[in-house]
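Q:
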Amino acid sequence: METPLTQHIRQDGAPLYLKEYEQTGGYEALRKAVTMQPKEIMDLVKDSGLRGRGGAGFPTGMKWSFVPMGDKAPHPKYLVANGDEMEPGTFKDRLLIEGKPHQLIEGMIISAYAIEADVAYIFIRGEYTEGSAIVQKALSEAYEAGYLGKNILGSPYSLEMHIHTSVGRYMCGEETGLLNALEGKRATPRAKPPFPQSSGLFGKPTIVNNIETLSCIPHIINNGAEWFKKLSLTGEGGTKIYGASGKVKRPGLWELPLGTTVREILIDRAGGMRDGLKLRGFLPGGASTDFLTEEHLDVNMDFTAVGKVGSRMGTGTIIVMDDKTCPVGFVHNLEYFFAQESCGWCTPCREGLPWVEKTLRSIEEGTGQMEDLDILDFHTKYLGPGNTFCALAPGAMEPLQSALKYYRDDFIKHITEKRCPWRS
Amino acid sequence: MLSEEERKEIEEEFKLYPHKQAAAIEAMKVVQKHRGWLSDESMQDLARMLEISVEDLDGVATFYNLLYRSPVGRHIILVCNSISCYILGYNEIYQALSNVLGIRFGETSPDGRFTLLPVPCLGTCDHAPAMMIDKDLHRDLTPETIGKILEAYK
């Protein structure tokens, strides 16, 4: 089984710096890329089937193809790596940032070349202090080796790359919120259109890609689109860094073929539940995805298959809920997060999420009423897709709506017994 | 007044962006690095340097979790309160910290040593529960280990 993204990452997580990265074939893809036409690279990425690994799964090559190209295109054009990773339960990009920083940088240079970008920013959340320091050192090495700056590897292409370390806010992970943050503003979302590909950072054409997405690029250049497609089990292309957290025996991260079943991730890799505990449910890809249950263990973790059973693969990092954890308390924790991180830009999200949070809190504390379930149902509809400015509130409704479906009896028990049955 | 050192560091940041305002967050981080927090006076100095209104700058400062508009302790403890840590006993960790320090979230210990703050997801969910003190990540916490960890921060 091939694991191109994580291969050579040390067990102890210590970063691969330039020399070691080059010894493992690093920057060979860049040497090849600068001899190709940008359109060739774009087509190769399109043919590979690579879909964005940040959670939404939009086809990467298609996203790039919306950028204006050629002599008449506005400049400077920008490429931004999204390393905000603030969704609870999501911790996959940290591995790539800290363990293989040059893979990210190489992927960014090639991607920037493909869209003819002039400047690239690596946006890393403020809490990843070690990761930022590692990437900063790797960036200096890349400049020194001639992979960045003027006339990269003697080609006519030049690129500047900088790090921006954020100061904490979930909205920074949203594509247009991130652009506002980079412009030194509040990370509120922007109206689309115009899409960032035509008018993004500082009003110029911009591509924002996730860290894992960008880290795939050198391997596609080196090995081709067909190779990448065949890495996956279900034809969606590539491997995926899956993860598991919660009370499983071996929480962690594993690079596996895209489309690996949930059973293999949770049972074979994570070792199943800790002794004495049963699997009650799981969020397949972070806090903003719908619950699935034991009956979904044989679902292939890819964008299509998880969608078919009513959830989303999201970031592919599974959060496991055991039978000794209260589902109402679990969902309350999630909605507290979303209510706090709502940027307040649009009314349904600003007003609705605190209402949801308070309603859940009262149910959890034993002062809830049966009508509260109708109030929660109401919100899952009116904070859902199409009713808010961005995807934060609809994302927040995914775990709630599925919890009301799978664990409704637990909500009712809290209300009728006027207490949380999980608290002694 | 901003110090010469602060000004120099902020001017370095200006080089990375096409407009001065874009360096606002970095500029506030520079001041915070030197002084621990952002006073009204330093915000006014910064706004002048960035050529934006102090109200605009304050709007940015108050939006983000890691910019502090009130004085903080010598060390900042960020406790992860997100779902994986919640499942693995975040509440016990918070109670232990709160008991040892005698403060709750948003407060600074009377000796000025620690400020206790919640943080959403530290991104180390496979080693929950977790917290960060200044730049150091502490993982796989138990209430019993809290006291020993704090000892290292004088």
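The listed protein sequences correspond, in order, to chains A and B.
Residue 157 in our numbering is what sits at position 157 of the first sequence, and the numbering runs on without skipping anything.
In our numbering, each residue carries its 1-based index in the second sequence increased by 1000.
Backbone N, C-alpha and C fix where the C-beta goes; we use that ideal spot for every residue, glycine too.
Let me see if you follow: with CB-CB separation under 8 Å, is A:E144 close to chain B or not?
A: Counting from 1 along the first sequence, the entry for residue 144 of chain A is found at position 144. Chain B contact via Cβ: absent.
Q: Exposed or buried, what is A:A138 when buried is set at 16 or more other beta-carbons lying within 10 Å of its beta-carbon?
A: Residue 138 of chain A sits at position 138 when you count from the first residue of the first sequence. Looking at its Cβ environment, which holds 16 or more other Cβ atoms inside 10 Å, A:A138 is buried.
Q: Please report how far the alpha carbon of B:Y1086 lies from the alpha carbon of B:T1124, in whole angstroms.
A: Residue numbering aside, residue 1086 of chain B sits at position 86 when the second sequence is read from its first letter. Residue numbering aside, residue 1124 of chain B sits at position 124 when the second sequence is read from its first letter. Those two C-alpha atoms are separated by around 13 Å.
Q: Are there 16 or more other CB atoms within 10 angstroms of the CB of A:P15, so buried, or fewer, so exposed?
A: Position 15 of the first sequence, counted from the start, is the residue given in the question as residue 15 of chain A. Its Cβ being crowded by 16 or more others within 10 Å, A:P15 is buried.
Q: For A:K204, name the three-state secondary structure that DSSP assigns.
A: Within the first sequence, the letter at position 204 stands for residue 204 of chain A. A:K204: coil per DSSP, three-state reduction.
Q: Are the Cβ atoms of B:V1060 and A:K185 separated by less than 8 Å?
A: Start at 1 with the first residue of the second sequence, and residue 1060 of chain B comes out as number 60. Start at 1 with the first residue of the first sequence, and residue 185 of chain A comes out as number 185. Yes, the pair counts as a contact, with Cβ atoms nearer than the cut-off.
Q: Can you list, in chain order, the residues of its chain whose CB lies under 6 Å from that of A:G149, leaving out five sequence neighbours each side?
A: Along the first sequence, read from residue 1 onward, the residue named residue 149 of chain A stands at position 149. Cβ neighbours of A:G149 beyond the five flanking positions: Y143.
Q: Roughly how many angstroms separate the alpha carbons of A:Y336 and A:L392, rounded to a whole number?
A: Position 336 of the first sequence, counted from the first residue, corresponds to residue 336 of chain A. Position 392 of the first sequence, counted from the first residue, corresponds to residue 392 of chain A. Taking the straight line from one Cα to the other gives about 13 Å.
Q: Using a Cβ cut-off of 7 Å, pull out every chain B residue sitting near A:K185, in sequence order please.
A: The residue you call residue 185 of chain A lines up with position 185 of the first sequence. Residues of chain B passing the Cβ test: V1060.
Q: Using a C-beta cutoff of 8 Å, does B:T1115 count as contacting chain A?
A: As a working note, residue 1115 of chain B is residue 115 in the second sequence. No - not a single Cβ of chain A is within 8 Å of the one on B:T1115.
Q: Name the chain A residues whose beta carbon is nearer than 7 Å to that of B:M1132?
A: Translated into positions along the second sequence, residue 1132 of chain B becomes position 132. Chain A residues near B:M1132: E127.
Q: Determine the DSSP secondary structure at A:H164, reduced to helix, strand or coil.
A: The residue given as residue 164 of chain A occupies position 164 in the first sequence. Of the three classes helix, strand and coil, the one that applies to A:H164 here is strand, per DSSP.
Q: Report yes if the CB atom of B:G1036 is closer than 8 Å to the CB atom of B:P1071, and no otherwise.
A: Walking along the second sequence from the start, residue 1036 of chain B turns up at place 36. Walking along the second sequence from the start, residue 1071 of chain B turns up at place 71. Yes, these two residues count as a Cβ contact at 8 Å.
Q: I'd like to know whether the C-beta of A:F195 is nearer than 8 Å to at least one C-beta of chain B.
A: For this step, residue 195 of chain A is matched to residue 195 along the first sequence. Chain B, which has no Cβ nearer than 8 Å to the Cβ of A:F195, makes this no.
Q: Can you confirm whether A:I415, when its beta carbon is compared against all beta carbons of chain B, has any partner nearer than 8 Å?
A: Counting from 1 along the first sequence, the entry for residue 415 of chain A is found at position 415. No, A:I415 does not count as interfacial toward chain B.
Q: Please say whether A:T260 and A:P4 have beta carbons closer to each other than 8 Å?
A: One-based indexing of the first sequence puts residue 4 of chain A at position 4. One-based indexing of the first sequence puts residue 260 of chain A at position 260. In this structure, A:T260 does not lie closer than 8 Å to A:P4 by Cβ.
Q: What's the call for B:D1136, buried or exposed, on a 16-neighbour Cβ count within 10 Å?
A: Taking the first residue of the second sequence as 1, we reach residue 1136 of chain B at position 136. B:D1136 comes out exposed.
Q: Please work out which residues of its chain come closer than 7 Å, Cβ to Cβ, to A:Q136, disregarding the five sequence neighbours upstream and downstream, and give them in chain order.
A: The residue given as residue 136 of chain A occupies position 136 in the first sequence. Within the same chain, A:Q136 has close Cβ partners I163.
Q: Counting contacts by CB-CB distance shorter than 8 Å, is A:P88 in contact with chain B?
A: By one-based count along the first sequence, residue 88 of chain A stands at place 88. Taking Cβ atoms only, chain B reaches closer than 8 Å to A:P88, which makes this a yes.
Q: Where does the unbroken alpha helix (DSSP H) through A:S402 begin, and where does it stop?
A: Counted from its first residue, the first sequence places residue 402 of chain A at position 402. Looking at the DSSP string, the run of the alpha helix (DSSP H) that includes A:S402 is 392 to 406.
Q: Inspect the beta-carbon positions of A:V167 and B:K1029 and report whether they are closer than 8 Å.
A: By one-based count along the first sequence, residue 167 of chain A stands at place 167. By one-based count along the second sequence, residue 1029 of chain B stands at place 29. Yes, the Cβ-Cβ distance between A:V167 and B:K1029 is below 8 Å.
Q: What residues of chain A sit near B:G1106, judged by a beta carbon separation below 9 Å?
A: On the second sequence, residue 1106 of chain B is found 106 positions in, with the first residue counted as 1. The premise fails here: B:G1106 is roughly 13 Å from chain A at the closest Cβ pair, so nothing lies under 9 Å.
Q: Identify whether A:N210 lies in helix, strand or coil by the three-state DSSP scheme.
A: Reading the first sequence from its first residue, position 210 is the one you call residue 210 of chain A. Looking at A:N210 - three-state DSSP - the assignment turns out to be strand.
Q: Nearest to A:M397 by alpha carbon, out of A:Y406, A:L376, A:L256, A:T176?
A: Taking the first sequence and counting its residues from 1, one reaches residue 397 of chain A at position 397. Cα-wise, what sits closest to A:M397 is A:L376.
Q: Who pairs with A:T325 in a beta bridge, going by DSSP?
A: Numbered from its first residue, the first sequence carries residue 325 of chain A at position 325. Answer is none; A:T325 lacks a bridge partner.
Q: A:F411 by DSSP, collapsed to three states: which one?
A: Mapped onto the first sequence, residue 411 of chain A falls at position 411. Helix.
Q: Check whether the Cβ of A:G168 lies closer than 8 Å to any Cβ atom in chain B.
A: Sequence index remark: in the first sequence, residue 168 of chain A carries index 168 (1-based). Yes, contact with chain B.
Q: I need the DSSP call for B:M1131, collapsed to helix, strand or coil.
A: Counted from its first residue, the second sequence places residue 1131 of chain B at position 131. Of the three classes helix, strand and coil, the one that applies to B:M1131 here is strand, per DSSP.
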